[in-house]
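Let me begin by presenting the structure, written as structure tokens, before commenting on it.
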Amino acid sequence: MDENMNTTGHNEQHWITRGFDDFSRGTLGNAGQNMYVSQAGVLQRIHLFDLNKDGYIDLFFCNAQEHLESPPAYVYHDVLGTPMRTELPAGGSSSGAVGDVNNDGYDDFLLPGEKSGNAGLYNAYLYYGSPEGLSERYHIQVPAHGGTSAAIGDFNGDGREDLAIITQGQLRIFYQQGIGFEPKVYVDLDIAADQLSAADLDGNGHADLYVFFKDKPPRIYWGGPDGINASRFTNIDVLGDLDQQMLQQDESTVSEEERVGAVSPVPKILEFNGTRHLFVPSAREALLVPMKSDRTFDTPIRFQCADIYSIAAGDINGDGQTDLVLAGRDRTSGQECSWIYWGSPNGFKPENRTAIACYRACDVAIGDLNGNGFADVVLCQTHNEQTNSIESLVYQGTEQGVNPNPLHLPTHGARRVFIARTCDQKDPQVIFVNQQGRNGTGDVDSYVYYGGPDGFSTDHMARLPGRGACAAVVCDVNDNSWPDVVLVNSAENAQHLDPGSFLYLGGPDGFAQKPDCIFPTRRGWCVAAADLDRNGYLDLIFSLYRDPTILIYRGTSNGFDLDNPQRLTVVEGPPDQINVRKVCLADFNNDGYLDLVVCTAGANRTVILWGGPDGFQEDRRQVLPTSKGAGDAMAWDLNGNGYPDLVVGGSKASLNEPHDSFLHIFWNGPEGFRQDRHTQLPTEAAIGKTIADFNNDGYPDLFCCSYKSVIDRDIDAYIYWGGPGGTYSAKNRTRLRTHSSAGCIAADFNEDGYIDLAIANHKTFGDHVGESFILWNGPDGFDERQPTRLPTSGPHSMLHVQPGNIMDSGSQEYYTSASYQLPTDACVKQITWEAELPPKTWVRAQLRFARSEAELEKAAWTGPTGDESWFEKEQEITLPDHPGPWVQYKLALGATNSGNTPRVTEVRVLYVY
Numbered sequence: 061m062d063e064n065m066n067t068t069g070h071n072e073q074h075w076i077t078r079g080f081d082d083f084s085r086g087t088l089g090n091a092g093q094n095m096y097v098s099q100a101g102v103l104q105r106i107h108l109f110d111l112n113k114d115g116y117i118d119l120f121f122c123n124a125q126e127h128l129e130s131p132p133a134y135v136y137h138d139v140l141g142t143p144m145r146t147e148l149p150a151g152g153s154s155s156g157a158v159g160d161v162n163n164d165g166y167d168d169f170l171l172p173g174e175k176s177g178n179a180g181l182y183n184a185y186l187y188y189g190s191p192e193g194l195s196e197r198y199h200i201q202v203p204a205h206g207g208t209s210a211a212i213g214d215f216n217g218d219g220r221e222d223l224a225i226i227t228q229g230q231l232r233i234f235y236q237q238g239i240g241f242e243p244k245v246y247v248d249l250d251i252a253a254d255q256l257s258a259a260d261l262d263g264n265g266h267a268d269l270y271v272f273f274k275d276k277p278p279r280i281y282w283g284g285p286d287g288i289n290a291s292r293f294t295n296i297d298v299l300g301d302l303d304q305q306m307l308q309q310d311e312s313t314v315s316e317e318e319r320v321g322a323v324s325p326v327p328k329i330l331e332f333n334g335t336r337h338l339f340v341p342s343a344r345e346a347l348l349v350p351m352k353s354d355r356t357f358d359t360p361i362r363f364q365c366a367d368i369y370s371i372a373a374g375d376i377n378g379d380g381q382t383d384l385v386l387a388g389r390d391r392t393s394g395q396e397c398s399w400i401y402w403g404s405p406n407g408f409k410p411e412n413r414t415a416i417a418c419y420r421a422c423d424v425a426i427g428d429l430n431g432n433g434f435a436d437v438v439l440c441q442t443h444n445e446q447t448n449s450i451e452s453l454v455y456q457g458t459e460q461g462v463n464p465n466p467l468h469l470p471t472h473g474a475r476r477v478f479i480a481r482t483c484d485q486k487d488p489q490v491i492f493v494n495q496q497g498r499n500g501t502g503d504v505d506s507y508v509y510y511g512g513p514d515g516f517s518t519d520h521m522a523r524l525p526g527r528g529a530c531a532a533v534v535c536d537v538n539d540n541s542w543p544d545v546v547l548v549n550s551a552e553n554a555q556h557l558d559p560g561s562f563l564y565l566g567g568p569d570g571f572a573q574k575p576d577c578i579f580p581t582r583r584g585w586c587v588a589a590a591d592l593d594r595n596g597y598l599d600l601i602f603s604l605y606r607d608p609t610i611l612i613y614r615g616t617s618n619g620f621d622l623d624n625p626q627r628l629t630v631v632e633g634p635p636d637q638i639n640v641r642k643v644c645l646a647d648f649n650n651d652g653y654l655d656l657v658v659c660t661a662g663a664n665r666t667v668i669l670w671g672g673p674d675g676f677q678e679d680r681r682q683v684l685p686t687s688k689g690a691g692d693a694m695a696w697d698l699n700g701n702g703y704p705d706l707v708v709g710g711s712k713a714s715l716n717e718p719h720d721s722f723l724h725i726f727w728n729g730p731e732g733f734r735q736d737r738h739t740q741l742p743t744e745a746a747i748g749k750t751i752a753d754f755n756n757d758g759y760p761d762l763f764c765c766s767y768k769s770v771i772d773r774d775i776d777a778y779i780y781w782g783g784p785g786g787t788y789s790a791k792n793r794t795r796l797r798t799h800s801s802a803g804c805i806a807a808d809f810n811e812d813g814y815i816d817l818a819i820a821n822h823k824t825f826g827d828h829v830g831e832s833f834i835l836w837n838g839p840d841g842f843d844e845r846q847p848t849r850l851p852t853s854g855p856h857s858m859l860h861v862q863p864g865n866i867m868d869s870g871s872q873e874y875y876t877s878a879s880y881q882l883p884t885d886a887c888v889k890q891i892t893w894e895a896e897l898p899p900k901t902w903v904r905a906q907l908r909f910a911r912s913e914a915e916l917e918k919a920a921w922t923g924p925t926g927d928e929s930w931f932e933k934e935q936e937i938t939l940p941d942h943p944g945p946w947v948q949y950k951l952a953l954g955a956t957n958s959g960n961t962p963r964v965t966e967v968r969v970l971y972v973y
């Protein structure tokens with residue numbers, strides 16, 4: 061308080077609020093969900109959307125992935141001449157088979173279709189050879205969801221080739237009829253195989269299946285007049301102790317969320333010297349087991365090579381002897397390689413072998429690609445540490461052996477290779493089964509598209525490195541007036557490379573390309589920010605993927621305390637039911653403390669941890685039933701009753717069950733949340749959502765992203781239109797075309813009075829590298845014909861919070877001062893403040909008076925012309941006589957589109973008496 065005398069002889073005094081302690085005596089709107097007082101004494105908003113402080117809201121896309129999940133299969137022609145390539149849709153296949161299915165002299169190509177990147181059930185593809193070669197013109201599809209291996213053979217000896225496919229871990233056989241293959245005519249056998257191949261091993265005119273399993277020795281299922289019978293088999297138990305067990309799948313870089321089959325050894329069947337041989341790999345050596353016509357086995361041929369995944373035979377150097385190529389990742393010699401064992405009249409000797417350089421080879425084919433009499437070697441390579449899109453190798457056979465300088469052919473996570481004759485060309489074709497392309501580690505940048513008077517474009521953007529980024533908040537964590545970015549990394553596709561989560565500090569020159577701070581999270585998934593303990597420093601709450609732990613990193617005078625996070629374990633039901641977990645902060649019971657929503661805390665449950673003076677406690681909570689995999693929550697007062705309601709989205713719907721993907725609205729009020737005060741609206745995995753009045757009718761509307769349905773990813777998102785009292789119905793919704801939409805921001809980007817939508821599309825027609833877009837709103841609604849398209853790379857979200865006050869959807873956040881007693885007969889004449897005001901921000905004030913401090917709570921707020929008006933800075937106050945000596949002020953900290961924040965450091969109320 062300061063005092064002096066004015067020219068009228070009255071005493072003038074100021075009631076001054078300055079510094080952390082003074083401002084802390086007041087009350088933050090919504091319990092500090094979007095406002096705090098820094099230790100330096102700055103009253104400010106928390107969540108920011110204008111990253112460069114130019115007055116225009118910016119768009120942040122948390123890019124997580126750029127891999128291509130379903131690249132085409134490649135058919136290379138004239139490989140050793142002028143290579144040309146045909147591409148065939150492959151459905152994310154990891155295996156395949158080649159054979160003349162229709163006996164027309166051309167090889168046909170079977171692809172089992174494991175994982176296309178879309179939802180739903182998949183078909184296998186059968187491409188027929190023709191004089192022109194393989195193409196979509198001649199192909200059929202048969203139902204075989206999640207196919208991991210395939211083989212072609214005449215299993216029932218009727219002269220027609222049949223199809224065997226491992227689908228969802230079980231064997232399915234399509235027996236060819238006189239009219240061909242009928243999609244609904246197949247036999248399912250209880251054979252939980254991993255990989256398979258086919259040949260007539262006993263020479264009885266019926267093809268047999270040679271099968272690898274994940275958990276038992278190889279096995280032959282014998283064909284017969286009835287085809288394959290699950291009870292007619294012979295085990296091949298030629299491996300000894302544990303050190304010689306079957307070589308297992310390579311799962312070193314397998315993704316958890318978007319899991320694809322790991323590289324498995326291939327059950328090759330070779331024929332040379334008049335005998336069929338079965339390939340049996342172990343971790344330390346590879347074996348070829350000779351077959352006898354009586355279904356018994358001769359002594360195995362052993363090769364002392366480690367980590368061999370496939371084998372092929374052919375005469376590479378033209379000496380009339382069969383040579384063998386063992387493809388794999390043998391590192392025993394110090395450098396990863398595959399091996400050529402040169403044939404001789406004395407068999408295969410370790411001293412007569414040649415190493416051929418390769419990397420993560422998983423299959424091999426041998427054949428004469430140019431008709432020169434020497435067989436060539438094609439090695440299939442899957443990926444390296446950074447990318448799936450690497451080249452496979454062709455080593456040309458010569459009289460001296462192989463040309464040490466291979467030809468390189470582009471492939472994408474190639475898993476199988478075949479040499480086949482699919483057309484009338486003189487030389488055979490090389491076929492690669494590609495499973496996944498491009499960067500497979502999630503090492504992609506997130507994008508900031510800066511807004512401006514001309515909108516958004518690629519010419520005005522920034523990139524922030526991350527790894528599988530899936531959430532972000534923007535707030536000024538170091539209180540220097542510049543927005544900072546907290547980027548949550550999941551490392552979903554390469555968890556062995558998880559770098560933690562990143563803090564990028566903003567400034568006049570933007571953001572550095574290296575994080576300024578790293579939070580030691582593991583599989584981070586979401587983040588929330590607030591000053592939880594009200595010590596003047598922002599705290600961060602991290603949730604983790606498939607982990608019951610919630611981490612709270614406290615802000616301090618020395619930055620965040622990275623060594624001592626608070627850990628909360630929130631589980632409701634079996635721990636293995638915990639899936640995608642996101643968090644949300646709001647004061648749901650209006651007790652002045654923020655509460656924490658955790659979803660999913662169980663398969664069908666969302667948990668609220670009630671806040672209090674002691675923070676959050678695991679046993680102080682409420683459990684709400686939600687649809688499976690509830691993954692995202694928002695707090696918003698949808699019906700204007702002064703209590704934030706809880707809006708929770710769900711995961712994708714279940715297949716072959718009643719629709720179970722919903723948006724849940726739990727209506728709040730003085731009695732709190734109840735299941736029977738609950739609205740469910742059908743959605744398609746609404747993992748992103750926003751709330752705004754899109755049609756300017758005064759009621760908040762709900763926009764729900766659609767991440768995936770049971771059958772597709774390129775699906776419509778929904779706007780549920782709000783009505784009086786918070787009414788929403790599936791009968792009153794609008795569809796907007798999106799592509800696996802995963803995040804959104806609603807704001808009036810062009811400031812024309814209509815709320816626009818920015819939508820993050822996770823993938824477009826199966827490809828993570830695609831476009832997100834802005835739909836511009838107007839008097840006629842959203843214009844889907846002319847969106848602004850922005851390149852993105854598999855974004856899993858935008859910013860975690862939405863613009864607007866969660867209680868009134870407005871652009872202002874509110875602070876209420878402590879109460880103050882004026883001297884007797886004093887009169888307030890002016891309220892003013894000191895504040896830094898970035899572009900398009902403002903501060904306004906209201907006052908209220910009462911006869912006693914207790915009566916202030918019910919007193920009406922007023923501005924210069926009543927309760928709907930506000931005082932501007934230094935505006936003279938001419939109010940009627942005060943109803944009492946007690947006074948409070950309320951500040952509105954406003955920002956267009958919630959872009960930035962005023963920074964208030966002092967408030968002065970002038971009164972005279």
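The numbering of the sequence shown is the working numbering, which starts it at 61 and goes up by one. Glycine included, C-beta positions come from ideal geometry on N, C-alpha and C.
If we count the other Cβ atoms within 10 Å of its Cβ and call it buried at 16 or more, is residue i buried or exposed?
| i | result |
| --- | --- |
| Ala-157 | buried |
| Ala-920 | exposed |
| Lys-276 | exposed |
| Asn-618 | exposed |
| Tyr-780 | buried |
| Phe-825 | exposed |
| Met-144 | exposed |
| Val-245 | exposed |
| Lys-749 | buried |
Give the straight-line distance between the Cα atoms of residue i and residue j, rounded to the nearest whole angstrom.
| i | j | result |
| --- | --- | --- |
| Thr-956 | Tyr-874 | 15 Å |
| Asp-885 | Pro-945 | 8 Å |
| Val-314 | Ile-376 | Because Val-314 carries a pLDDT of 44, less than 50, the predicted location of this residue cannot be relied on, and the following value inherits that uncertainty. Each residue's Cα considered, the two are about 35 Å apart. |
| Ile-184 | Ser-209 | Before going on, a small fix: residue 184 reads as Ala here, not Ile. Near 10 Å, if we compare the C-alpha coordinates of Ser-209 and Ala-184. |
| Gly-92 | Ile-226 | 56 Å |
| His-472 | Leu-148 | 13 Å |
| Thr-660 | Asp-941 | 55 Å |
| Val-667 | Asp-679 | 11 Å |
| His-74 | Tyr-880 | 11 Å |
| Arg-78 | Gly-803 | 40 Å |
| Ser-353 | Gly-263 | 7 Å |
| Pro-410 | Ile-361 | 12 Å |
| Leu-628 | Asp-558 | 21 Å |
| Arg-754 | Cys-586 | Correcting the residue identity first, residue 754 is Phe in this sequence and not Arg. Those two C-alpha atoms are separated by around 27 Å. |
| Phe-332 | Val-349 | 12 Å |
| Phe-602 | Ala-267 | 56 Å |
| Gly-830 | Val-770 | 22 Å |
Which residue or residues does DSSP assign as beta-bridge partners of residue i?
| i | result |
| --- | --- |
| Pro-855 | Asn-123 |
| Ala-952 | Tyr-874, Arg-904 |
| Glu-744 | None, per the DSSP bridge assignment. |
What are the boundary residues of the beta strand (DSSP E) that includes residue i?
| i | result |
| --- | --- |
| Phe-339 | 335-341 |
| Cys-577 | 577-579 |
Taking the alpha helix (DSSP H) that residue i falls in, what are its first and last residues?
| i | result |
| --- | --- |
| Asp-593 | Asp-593 -> no alpha helix (DSSP H), and no H or E assigned at all. |
| Gly-79 | 79-84 |
For residue i and residue j, which I take to be in contact (beta-carbon distance under 8 Å), what is that distance rounded to the nearest angstrom?
| i | j | result |
| --- | --- | --- |
| Leu-249 | Ala-290 | 5 Å |
| Ser-342 | Leu-299 | 6 Å |
| Gln-456 | Asp-436 | 5 Å |
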